[in-house]
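Yeah, the sequence shown ends on 378 if you go by numbering that gives the first Met the number 0, and it's all consecutive.
Positions of the beta carbon are idealized from the N, C-alpha and C atoms, including for glycine.
Predicted model, so just to flag it, every value in this text is computed and none were measured.
Presented below is the structure to which this report refers.
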Amino acid sequence: MKKYLPPIVSALFAMTVTASVFSQPPPAVSPEVHADRTVTFRLRAPDAATVVVRCEGLAGPAPLVKDDAGLWSLTTAPLAPDIYSYTFLVDGVRMTDPANPLLKYNLLASASEVHIPGAPGDALPWDRHDPAVPRGVLHRHSFRSGVSGDELDFVVYTPPGYDPAADATYPVLYLLHGYSDDAGSWTATGRAHIILDNLIAQKRARPMIVVMPLGYGTLEVVTAGWARMREGGLWTRNVRAFRDILTREVLPRVESAYRVSPRRGHRAIAGLSMGGAESLDIGLSHPELFGWIGAFSSGGLPEDFDTAWPGLGDAAAPRPALLWIACGEEDFLLENNRQLSAWLAKKEVKHTFTVGPLGHTFRVWRPNLAAFIPLLFRE
């Protein structure tokens, strides 16, 4: 039975609700990027005792200051144009910025992001600096893996002007993410599709299709977390199973659904961190499939390279047209990558090893991708 409220009671109730809504403080604006490239972080937390921001580009954790209304804030020194990830520590508890929709999604530890674009005449490869640049299209596919038994997905970038009904075929790059990321990380955080659009428009890269799969041979390696991912051979099983998933399940699906060239010289594989190690594992184990290999800050490399790739030095074995290895000078994985480069040199395997600034971050991997793509498919 519907209750009847006298008009005066209804009016008083509505006034109370309205007053309550309007008495709420306005939402915090965070992050605010200023014209001088300084950034103001804000967080409304009146009951907190301490608020600290951890942001790439800052020397270390930086404390925010609270005003009388319970709004915490900090304005940084000018930051170079880039995309920076950050989190707040509120009384020691890590959290993303609730006022910021720009999220660096991660299966184990998400973060917020702040984007400082380059100037119009000095734009970054991952900036949408020119509205006239033709844009490609992203497609998402899902399937049930017969190898792992899991529901998996992959994202496909098709370049501007791609016509599925045309006779033309395209080279294809298989681009792999890092540990705890997912199939959307190379576009959401790495801005791979924007990098491709810009490079193709500048005629610095061939139009190509890019396939970005979920890079786990078993999802157990993620649910185990950082502390247990190497227990009981789990990491090795993960890498080997993913090799089968990519070569036996993803690659055939791509080649049946898209106009990609099946030639070895028109296939490349590259990735970051875990994906870098997987790219080397797959590319060097299947030289008949991939002619171009890129590995950025590779993590989880095999302990014994000779056992992992026993036939790599054979004169009769096909060599990659490009084997490109990169790592940041502050990366904790730099020494492992140096050892790999030294072993390849001993085997007389032609490769490029480049060391750039910074550590284990997309601030390294976005430039890596922008440098690697123009080198591909230059036969």
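Close beta carbons around Asn105, own chain, < 7 Å, minus the five adjacent residues each side:
For the purposes of this step, residue 105 is taken as residue 106 along the sequence shown, with counting starting at 1. Result list for Asn105: Ser179 and Asp180, in chain order.
Quick check on the DSSP output: what are the complete alpha helix (DSSP H) runs of length 4 or more inside the segment 219 to 251, in order along the chain?
219 to 222, 224 to 227 and 233 to 243
Alpha-carbon to alpha-carbon, Ala341 and Ala68:
Residue mapping note: residue 68 aligns to position 69 of the sequence shown, counting from 1. Residue mapping note: residue 341 aligns to position 342 of the sequence shown, counting from 1. Spanning the two alpha carbons is a distance of roughly 59 Å.
Would you kindly work out how many angstroms separate the C-alpha atoms of Pro206 and Pro159, rounded to a whole number?
Position 207 of the sequence shown, counted from the start, is the residue given in the question as residue 206. Position 160 of the sequence shown, counted from the start, is the residue given in the question as residue 159. Going from the Cα of Pro206 to the Cα of Pro159 covers about 8 Å.
Assuming His382 is part of the alpha helix (DSSP H), what are its boundary residues?
Here the chain has residues from 0 to 378 only, and residue 382 is not among them.
Please name the residue in Val146, Asp81, Ser141 and Gly135 whose C-alpha comes closest to that of Asp121.
For this step, residue 121 is matched to residue 122 along the sequence shown. Answer by Cα proximity: Asp81.
Could you pull the start and end residues of the beta strand (DSSP E) that Gly355 belongs to?
The residue given as residue 355 occupies position 356 in the sequence shown. Segment Thr351 to Gly355, the beta strand (DSSP E) holding Gly355.
Return the CA-CA distance between Cys54 and Pro130, expressed in angstroms with no decimal places.
Residue 54 sits at position 55 when you count from the first residue of the sequence shown. Residue 130 sits at position 131 when you count from the first residue of the sequence shown. The alpha-carbon atoms of Cys54 and Pro130 are separated by roughly 30 Å.
Among Met94, Trp125, Asp126 and Gly282, which has the Cα closest to the Cα of Leu379?
The structure shown has nothing for residue 379, since the chain only spans 0 to 378.
Boundaries of the alpha helix (DSSP H) in which Thr306 is found, first to last residue:
Locating residue 306 in the sequence shown gives position 307, where the first residue counts as 1. Looking at the DSSP string, the run of the alpha helix (DSSP H) that includes Thr306 is Phe304 to Ala307.
Is DSSP giving Asp81 helix, strand or coil here?
As a position in the sequence shown, residue 81 is number 82, starting the count at 1. DSSP places Asp81 in strand when its eight states are reduced to three.
Is the distance from the Cβ of Leu368 to the Cβ of Ala79 below 8 Å?
In the sequence shown, residue 368 corresponds to position 369, counting from 1. In the sequence shown, residue 79 corresponds to position 80, counting from 1. No, Cβ-Cβ distance for Leu368 and Ala79 is not below 8 Å.
For Ala41, does the count of other Cβ atoms within 10 angstroms reach 16, so buried, or fall short, so exposed?
Position 42 of the sequence shown, counted from the start, is the residue given in the question as residue 41. According to the sequence provided, residue 41 is Arg. The question's Ala does not apply to it. Per the 10 Å Cβ criterion, buried.
Cut-off 6 Å between Cβ atoms - residues of its own chain near Asp243, not counting five sequence neighbours on either side:
Residue numbering aside, residue 243 sits at position 244 when the sequence shown is read from its first letter. Answer for Asp243: Val146, listed in chain order.
Taking the alpha carbon of Trp185 as the point to measure from, which residue in Pro116, Pro373 and Pro366 has its own alpha carbon closest?
Here residue 185 refers to the residue found at position 186 when the sequence shown is read from its first residue. Residue Pro366 is the option with its Cα nearest to Trp185.
The alpha helix (DSSP H) enclosing Met273, as first and last residue numbers:
Taking the first residue of the sequence shown as position 1, residue 273 is located at position 274. From DSSP, the alpha helix (DSSP H) with Met273 extends over Met273 to Ser284.
Taking the DSSP output, what are the residues bridged to Arg93?
Numbered from 1 along the sequence shown, position 94 holds the residue referred to as residue 93. According to DSSP, Arg93 bridges with Leu88.
Alpha carbon of Thr222 to alpha carbon of Asp149, nearest angstrom
Here residue 222 corresponds to residue number 223 of the sequence shown, with the count starting at 1. Here residue 149 corresponds to residue number 150 of the sequence shown, with the count starting at 1. Those two C-alpha atoms are separated by around 13 Å.
Helix, strand or coil for His176, going by three-state DSSP, please let me know.
For the purposes of this step, residue 176 is identified with residue 177 of the sequence shown, where counting begins at 1. Reduced to three states, the DSSP call for His176 is coil.
With a CB to CB cut of under 8 Å and the five nearest residues on each side skipped, what residues in its chain are close to Gly216?
Here residue 216 refers to the residue found at position 217 of the sequence shown. Here the set comprises Val146, Ser147, Arg236, Asn237, Val238, Arg239, Ala240, Phe241, Arg242, Asp243 and Ile244.
Would you kindly report the start and end of the unbroken beta strand (DSSP E) that includes Pro366?
Looking up residue 366 in the sequence shown gives position 367. It is not in any beta strand (DSSP E) - Pro366 instead sits in the alpha helix (DSSP H) that spans Phe361 to Phe371.
Should Gly274 go down as buried or exposed, given a rule of 16 or more other Cβ atoms within 10 Å for buried?
Your numbering for residue 274 matches position 275 in the sequence shown. Buried, since its Cβ has 16 or more Cβ neighbours within 10 Å.
Nearest-angstrom Cβ-Cβ length linking Leu172 and Ala267, presumed shorter than 8 Å
Here residue 172 refers to the residue found at position 173 of the sequence shown. Here residue 267 refers to the residue found at position 268 of the sequence shown. Confirmed, Cβ separation roughly 5 Å.
Kindly indicate which three-state DSSP category Thr188 falls into: helix, strand or coil?
Locating residue 188 in the sequence shown gives position 189, counting from the first residue. Three-state DSSP puts Thr188 in coil, outside helix and strand.
Any chance the segment 57 to 64 sits against the segment 108 to 120, with 3 or more Cβ pairs inside 8 Å?
no
DSSP beta-bridge partners for Met207?
Counting from one through the sequence shown, the residue named residue 207 turns up at place 208. Looking at the DSSP assignment, Met207 forms no beta bridge with any residue, so it has no partner.
Presumed contact (8 Å Cβ cut-off) between Leu343 and Leu300, rounded CB distance:
On the sequence shown, position 344 is the one that residue 343 refers to. On the sequence shown, position 301 is the one that residue 300 refers to. So it is not a contact: roughly 12 Å between Cβ atoms.
What does the alpha-carbon distance come out to for the pair Thr246 and Leu151?
Position 247 of the sequence shown, counting from 1, holds the residue named residue 246. Position 152 of the sequence shown, counting from 1, holds the residue named residue 151. If I take the Cα positions, the gap works out to 14 Å.
Any 3 or more C-beta pairs closer than 8 Å across the segment 302 to 315 and the segment 328 to 337
no
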